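Undergrad:
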Amino acid sequence: MREVTIRPAQLQAPRTGREIGRRLRRNIWLYVMVLPGLLYFLIFKYAPMLGLIIAFQDFKPFKGISGSEWVGLDHFHRLFTEPDFLNILTNTLILFGFNILFYFPVPIVLALMLNELRLHAFKRLFQTLIYLPHFMSWVIIVSISYVMLTMDGGIVNAVLEELGLAKINFLLSPEWFRPTYIIQVIWREAGWGTIIYLAAMAAIDPQLYEAARMDGAGRIHQIWHITLPAIRSVIIVLLILKIGDVLELGFEHVYLLLNSMNRDVAEIIDTYVYTAGLKQGKFSYSTAIGLFKSFVGLAMVIAANKLSKKFGSEGIY
Amino acid sequence: MNKKGFAILLGTVMSLSMMLSACSSNNNSNAANNGGNPSTPTTSADASPEATEPAKEEPTKITIMLPLNVAQTPPDTIKNEIEKLTNTKLTYQFFPADTYEDKLNTTLATGGLPEVTYLKNQATFVQMKGAIRDGQFWEIGPYLAEFPNLNKLKPLILNNTKVDGKLYSLYIGRPLARQGIIYRKDWADHLGLKTPETVDEVIAMAKAFTDQDPDGDKKANTIGLADRNDLIYGAFKTLASWYATPNNWGEKDGELQPDFTFPQYTAAMDAMKQIHDAGAMNKDFAATSKTDQISLFTSGKAGLYIGSMSDVDSLNKDLIKNVPNAVVDTLALIKGPNGEQATWAIPGYNNVVLFPKSAIKDEAELKKILAFFDKQMTPEVANMMFWGIEGTHYTVEDGKAKVTDNSDLIEREVKGYKDSVIGETETNGMYEGFYSLPARIHAEEFTKENEKIAIMDPTAALDSATYTEKGVELQTIITDATYKYIYGEIDRAGFEKAIADWKKRGGDKIIEEFNAVYKK
Amino acid sequence: MIQDRTIGSRLFGIANFTLLAIFSLATVLPFIHVVAGSLTTSAEMAVKKFIIFPTDISFEAYRFVFSTNTIFRSIAVSIGVTLVGTAFSMLVTSMMAYGLSRRDLDGRKFLMFMVVFTMLFNGGLIPTFLVVKELHLIDSYAALILPLTISAFNMIILRNFFQNIPEGLEESAKMDGCSDFGILFRIVLPLSMPAIATISLFYAVTYWNTYLNAILYLNDSKMWPIQVLLRQIVVLASGFDYSSSLDGAVPPPDQAVKMAVIVVATLPILLVYPFLQKHFAKGALLGSIKG
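Sequences listed follow chains A, B and C, in order. Take the first sequence: its position 110, counting from 1, is numbered 110 in the numbering used here, and each next residue is one higher. To convert a position in the second sequence, counted from 1, into the numbering used here, add 317. To convert a position in the third sequence, counted from 1, into the numbering used here, add 837.
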């Protein structure tokens, strides 16, 4: 399915009031369709956003928003002058980088591989098996990893010992934190991530493949020229959305892996917020940090969207 | 067709939503929506209605919010009994413990706390102090004199829960010092080790358990100590207390200083380092969870567990499934290098209960509620809430409560209420537990003995603004440094650097502030 | 259909299969461990650590889990909320996604930006709670559904799928006198079954996993869904305490019970996907454009 890049409507979209009016009337039912969703966003998303104001206050739950004192940018100041701030920000960005580089392509590759399976029974079987980990909570996953990776009798280290190699301190050493983290992420989410791509591939016209085969194209060629372009728009949308999550990493996962020995590389913004903010009931501070994350994410999404349009995609807005 | 189709759809959706909202439970006594449920008016505003006139007075309606520490909300079995005994109509609202703070704060922020609000633990209490100072809760100090049973609560512990010298809460009591050692007695016997009395002997035992094949299976598959990633409730703080390290804060030249600046703290770190370097404890303890720590012990791999001695029952239960001939015992009162004997004490409570003004409108109502708690401080009610129904959940043996074999039943029906009983055995008259496991009996004895040598935290009842703001955050500097020292990643100089860092980033202010109120 | 008979193609097929098989094994193994662990005793778990084949089969854990009526009630709640919620969400989301997929809709960019904005900015727990409270939804099941009606992510994905449907179809339908609603329900949705199945699954999982909302909005514990029960057991068991104290009083419960509850809580939703897979049939668009 080729992506539609021509915009017929735009070519004929004059700005005269009459034209717009006619279009509105023609599309009235489309607006009706959008309405319930819009109401939802207004009520349950935008209305609560007013609460973000506590980032500029010294919010106390019992005082309420109107009763709490105004402190302006104090919380932001505290965040930026925190001695570890740069380190925490860097850690977060690096993990984000790992996510984009190492995790993001995996579901795509897996989906392509699954799509190439000729035996449908196996395709269904593998699909079901690989998304199973998504349902396991991080608590369980980290706990199982502990059992496997511990130096006190874990399987992995036992094997290393058998092979005459030195034991590796996976759980505590800073060098192994990021690899452990990203492998766990891939393990848990890659299978689940294939679902969207497989759905997109299901819409591909099989005749395209036949035609390609008759032209003598090999499997790789078919993937590159037929399958991939078909899922291109989905990939771009997902990429832009992922970029918006630049500072938003899974708190629970990292928190479970964090300990005194690897804190230098493992402390991310969310775990910092937890220790400095939430644990001590510091709503305002944690909200301020959240706002900071949001603004950075917004800037990234705007940039990514613009960039994607330059490459001919429709972007997400 | 389509306009009609749409209308039908819309109609369906709307009726679905209406049906759903109609499906709500009719929880009219839910004070979270309105704040406050007036108790039935009675003429006199005096203290607890006598048990001799239950039929005359209408039961007091009370809604109670508290954390749920067990898997499921308990059924009404126990609640009904309590209601009968105290002439009340109770609505218990349990909320899962690990998200209790969120629920607490949300409910507080929206003015919906019920008449009786339990907090979650000491940490939550510290967070609530702001709200308390702001007048959100009733000061109950002055009323206690009117209630004979409430008056029995230990002054020392009540003191620890005062805010600015005023009392707002009732406490749920816990023994001051339950920390000690649980160890494999059969291993010690097998190796001919005598019961350790000093720290050095404990360390030696840990090493022996690691190196001398205590289980006699000719395999090097044992280690001494199983610890976890918690310096406070794991081994470290208890070990440090054997060196008579101050509990969080101690006096030096008349001034309060944090415990990690004392030489005993360093001595304790060195001791842990010794054990770690000798391979006599689990190498990954900084990342080990409680479950895995326990599993090390119950699988028969580790021989020492330093923590709460009352855990010995459940540890033993799983241990003998794997190692049927295992024998455990508990130990405390360990002497330091200079013969000193000490252990650290908790402030005597692990949770408190507050009385929101938003839900309790006047003194009369407050007194009725206090009357309910007054009744809780009697053996009948306290036993009911802690142990259950005599005969069903427990029997009395030797004047102590022995739980029946119906552990599922107890878990389901009684356990949820256990953590809401205020006071402790000495004050509310409830039974002590009857234990048949010798190790557990020893544990109870040691716990009592520990009280004599327990070191309190002098700042337990004090406040420091800087500590409230960033104390926990700053503490991670010290925690990290302690672990790194034990693992050998930093040395004495590195640890000093961490202390300096702590001081610079706010620690100095904390010291100043605590000392200012300490002197008063 | 011409089969691939070249050697290159065959090799590719074999390599492909093998790699996928290995990956599948790696992902399913820990899950098997959970199932195996649930069928054994906690004592064995302590010794063996990582079990695949339990030697000491015992249904004790499941017996304990199912010994009260709480679990049945909470499963019923979860199923109800999931079914109604998914249906409701799909309806509202499809309509919005379709409307915003039409390229000649004025204000489309603005509306999409508004939606994307909500993915980045979040008012927080207490303000959202206030909204729910003001709408009088506390203690009603609607509180578990309405605040989750649309997931911006799901809507954006669905819209993307709708956008990829050729406009020619829409135009010819319009010429036949079909209204917008008609096009949506009679043409677009049937052609988008893979997407519909996928997004329905996503919603179903979200509703099934409802936990925090239940605690915040439902004060009556009888109304709680299954995940609350699950978390109580699992989080308690791991010793992973979201605050520092409360030690000694609550020893972690049976490991086997922990595993059993995981199995019980995830099994229903796991079974949903295979049923949806039949909607992933290829060539859904075959013949619709040509002609």
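No residue lacks a Cβ here, since even glycine has one placed at the ideal position from N, Cα and C. Note that the structure is predicted; figures quoted are calculated from it, not measured.
State the DSSP-derived secondary structure class of B:A869, mapped to helix, strand or coil.
TA: The requested residue 869 of chain B is not part of the displayed model; chain B covers only 318 to 837.
Undergrad: Have a look at the DSSP bridge pairing and note the partners of B:K420.
TA: DSSP output for B:K420 lists no bridge partner at all.
Undergrad: Per DSSP, which one or two residues make a beta bridge with B:D646?
TA: Bridge partners of B:D646: B:Y500.
Undergrad: Kindly give me the distance between the Cβ atoms of B:E277 and B:A649, rounded to whole angstroms, as I take these residues to be in contact under 8 Å.
TA: A question about residue 277 of chain B goes unanswered here, because the residues of chain B that appear run from 318 up to 837.
Undergrad: Does any residue of chain A have a CB that is nearer than 7 Å to the CB of B:K600?
TA: Residue contact with chain A for B:K600: present (Cβ-Cβ distance below 7 Å to some residue of chain A).
Undergrad: With a CB to CB cut of under 6 Å and the five nearest residues on each side skipped, what residues in its chain are close to C:I975?
TA: Y1054
Undergrad: Between the C-alpha atoms of B:T783 and B:A604, what's the straight-line distance to the nearest angstrom?
TA: 29 Å
Undergrad: Closest to B:D438 by C-alpha separation, out of B:M773, B:I663 and B:S753, would be which residue?
TA: The amino acid occupying residue 438 of chain B in the given sequence is Asn; Asp does not appear at that position. For B:N438, the nearest C-alpha among the options comes from B:I663.
Undergrad: Quick one: give me the first and last residue of the beta strand (DSSP E) that B:E572 is part of.
TA: E572 to P575
Undergrad: Using the beta-carbon of each residue, which ones in chain A are nearer than 7 Å to C:Q1140?
TA: The question about residue 1140 of chain C has no answer here: the residues shown for chain C are numbered 838 through 1128.
Undergrad: For A:P36, name the three-state secondary structure that DSSP assigns.
TA: helix
Undergrad: Over the uninterrupted alpha helix (DSSP H) stretch that includes A:A190, give me the two end residues.
TA: P174 to M201
Undergrad: Excluding five sequence neighbours on each side, which residues of the same chain lie with their C-beta closer than 6 Å to the C-beta of A:G297?
TA: G244 and V246
Undergrad: With distances taken between CB atoms, is the gap from B:L687 to B:F464 smaller than 7 Å?
TA: yes
Undergrad: On a CA-only basis, which of B:S558, B:K479 and B:K732 is nearest B:G653? Give me that one, please.
TA: B:S558
Undergrad: Comparing alpha-carbon positions, which option in B:P376, B:G497 and B:D691 lies nearest B:Y460?
TA: B:Y460 has its Cα closest to that of B:D691, out of B:P376, B:G497 and B:D691.
Undergrad: Please report the straight-line C-alpha distance between C:V918 and A:F135, rounded to a whole angstrom.
TA: 18 Å
Undergrad: Ends of the alpha helix (DSSP H) at B:W566?
TA: Unbroken run through B:W566 is the beta strand (DSSP E), W566 to K569; no alpha helix (DSSP H).
Undergrad: Is the separation between the beta-carbon of C:S875 and that of C:A898 shorter than 7 Å?
TA: yes
Undergrad: Write down the C-beta distance between B:G497 and B:T647 rounded to the nearest angstrom, noting that I regard them as a contact closer than 8 Å.
TA: 6 Å
Undergrad: So which residues on chain C does A:P229 lean against when the C-beta distance must stay under 9 Å?
TA: Residues of chain C passing the Cβ test: none, with the nearest at roughly 11 Å.
Undergrad: Contact defined as beta carbons within less than 8 Å: I believe C:S1016 pairs with A:W29. What is the distance between those atoms, to the nearest angstrom?
TA: C:S1016 to A:W29, Cβ: 6 Å. Contact.
Undergrad: When you compare the CB positions of A:V34 and C:G936, do they come within less than 7 Å of one another, or not?
TA: yes
Undergrad: Is B:V640 helix, strand or coil by DSSP?
TA: coil
Undergrad: Tell me whether the stretch 153-171 of chain A and the stretch 110-125 of chain A touch, counting them as touching only if at least three CB pairs, one residue from each stretch, are closer than 8 Å.
TA: no
Undergrad: Identify, in the order they occur along the chain, each residue of the same chain with its Cβ nearer than 8 Å to the Cβ of B:W566, setting aside the five sequence neighbours on each side.
TA: For B:W566, same chain residues with a beta-carbon under 8 Å away, outside a window of 5 residues either side, are L573, Q574, P575, D576, D774, P775, T776 and F831 in chain order.
Undergrad: Please look up how many angstroms separate the CB atoms of B:K479 and B:A778, rounded, as I've assumed it's under 8 Å.
TA: 6 Å
Undergrad: What does B:Q792 pair with, by DSSP beta-bridge criteria?
TA: None; B:Q792 has no bridge partner.
Undergrad: Give me the subset of the stretch 446-463 of chain B whose CB atoms are less than 7 Å from a CB atom of chain F, sorted by chain position.
TA: In the structure shown, chain F does not exist; the protein chains are A, B and C.
Undergrad: If you compare alpha carbons, which of A:L258, A:V237 and A:L39 is closest to A:F311?
TA: A:V237
Undergrad: Quick one: any contact between the stretch 950-970 of chain C and the stretch 984-1003 of chain C, if contact means 3 or more CB pairs under 8 Å?
TA: yes
Undergrad: Starting from the C-beta of C:K1011, find all residues in its chain whose C-beta is less than 8 Å away, skip the five residues before and the five after it, and write them out in chain order.
TA: I1020
Undergrad: Using CA atoms only, rank isn't needed, just tell me which of C:F1112, C:F854, C:P1111 and C:A1102 is closest to C:V1145.
TA: Outside the modelled stretch of chain C, which goes from 838 to 1128, sits residue 1145 of chain C, for which no answer is possible.
Undergrad: Step through the CB atoms of chain B and report whether any lies within less than 7 Å of the CB of A:M33.
TA: Proximity of A:M33 to chain B, defined by a Cβ-Cβ separation below 7 Å, is not satisfied.
Undergrad: Among B:I489, B:G490 and B:L475, which one has its Cα closest to the Cα of B:K483?
TA: When only C-alpha atoms are compared, the closest one is B:L475.
Undergrad: Start and end of the alpha helix (DSSP H) containing A:L149?
TA: W138 to L149
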